[in-house]
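Peer 1: Taking our numbering, the leading residue of the sequence shown gets 12, the next gets one more, and so forth.
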Amino acid sequence: MTHAPEKLNTPATLLLGIGNSARRDDGLGWAFLDVIREQGQFAGEITYRYQLQVEDADVIRAYQTVIFVDALHQPLEAGFYWKPCLPVATFGFSTHALNPESVVALCQELYGEAPEAYTLGISGYDWELAEGLSRAAIINLRAALLFFEEKAMKY
Numbered sequence: 012m013t014h015a016p017e018k019l020n021t022p023a024t025l026l027l028g029i030g031n032s033a034r035r036d037d038g039l040g041w042a043f044l045d046v047i048r049e050q051g052q053f054a055g056e057i058t059y060r061y062q063l064q065v066e067d068a069d070v071i072r073a074y075q076t077v078i079f080v081d082a083l084h085q086p087l088e089a090g091f092y093w094k095p096c097l098p099v100a101t102f103g104f105s106t107h108a109l110n111p112e113s114v115v116a117l118c119q120e121l122y123g124e125a126p127e128a129y130t131l132g133i134s135g136y137d138w139e140l141a142e143g144l145s146r147a148a149i150i151n152l153r154a155a156l157l158f159f160e161e162k163a164m165k166y
């Protein structure tokens, strides 16, 4: 996990949550955004997505910084990771149509530039068709929120 850069809490930052709250822990990205929205401290834009599409390359180009927040199908010691989202022009198989790296790469290819981007991945465990996060996912969500509040929101 790397440290969040300074100046993320600006109007030029897009916080983009990916997920589906009807599939238990797949809703972690949305749950993260819900808490940030309720706190009312984030100066940037907040956007919810079921999955990333090619059109999102056009959306992200309007921002200096984009933070993709999504559930992970892998357990992590810290419960989450924060990493740079570097453009990679490959289309991998996942639960979403495109991965964040592909959206950033497409933005770079279409417009000649792309925003600085990061991925905040939060470990989930239960993917059944049901509402509500698992207890373990809630613990990981809290850890990710604490990290974000301490590293990103104070700037």
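All residues carry an ideal CB built from backbone N, CA and C; glycine is no exception.
Suppose you measure from the CA of H107 to the CA of P98; what does that come to, to the nearest Å?
Peer 2: Annotation note: pLDDT 48 at H107 (below 50); position unreliable, coordinate value reported separately. The straight-line gap from Cα to Cα measures roughly 17 Å.
Peer 1: If you run the structure through DSSP and keep just helix, strand and coil, what is L97?
Peer 2: Looking at L97 - three-state DSSP - the assignment turns out to be coil, as it is neither helix nor strand.
Peer 1: Quick one: using the 10 Å Cβ neighbour count with 16 as the cut-off for buried, is F104 buried or exposed?
Peer 2: The predicted position of F104 is uncertain, since its pLDDT is 49 and thus under 50; a value taken from the coordinates is nonetheless stated next. Under this definition F104 is an exposed residue.
Peer 1: Under three-state DSSP, which class holds E56?
Peer 2: Looking at E56 - three-state DSSP - the assignment turns out to be strand.
Peer 1: Just to confirm, are N20 and A54 a CB contact at a threshold of 8 Å?
Peer 2: The answer is yes: Cβ separation under 8 Å.
Peer 1: According to the neighbour-count rule (16 or more other Cβ atoms, all chains shown, within 10 Å of its Cβ), is R35 buried or exposed?
Peer 2: So R35 counts as buried.
Peer 1: With DSSP as the reference, label R34 as helix, strand or coil.
Peer 2: The answer is strand: DSSP assigns R34 an E or B state.
Peer 1: From this set, E161, L83, A116, S32, which residue's C-alpha is nearest Y59's C-alpha?
Peer 2: Looking at the Cα atoms, S32 is the closest of the given residues.
Peer 1: Give me the Cα-Cα distance between E88 and L156, rounded to the nearest whole angstrom.
Peer 2: Cα to Cα, E88 sits roughly 16 Å from L156.
Peer 1: CA-CA distance, C10 and G132?
Peer 2: The requested residue 10 is not part of the displayed model; the chain covers only 12 to 166.
Peer 1: Okay, do the stretch 111-119 and the stretch 144-162 touch, 3+ Cβ pairs below 8 Å being the bar?
Peer 2: With the cut-off at 8 Å, the stretch 111-119 and the stretch 144-162 do not touch.
Peer 1: With a Cβ-Cβ cutoff of 8 Å, do V77 and L25 count as a contact?
Peer 2: A contact, by the Cβ cut-off of 8 Å.
Peer 1: Who are the Cβ neighbours of Q52 in its own chain at under 7 Å, not counting the five residues just before and after it?
Peer 2: Answer for Q52: M164, listed in chain order.
Peer 1: Measure the CB-CB distance between Q75 and A23 and report whether it falls below 8 Å.
Peer 2: Taking 8 Å as the Cβ cut-off, Q75 and A23 qualify as a contacting pair.
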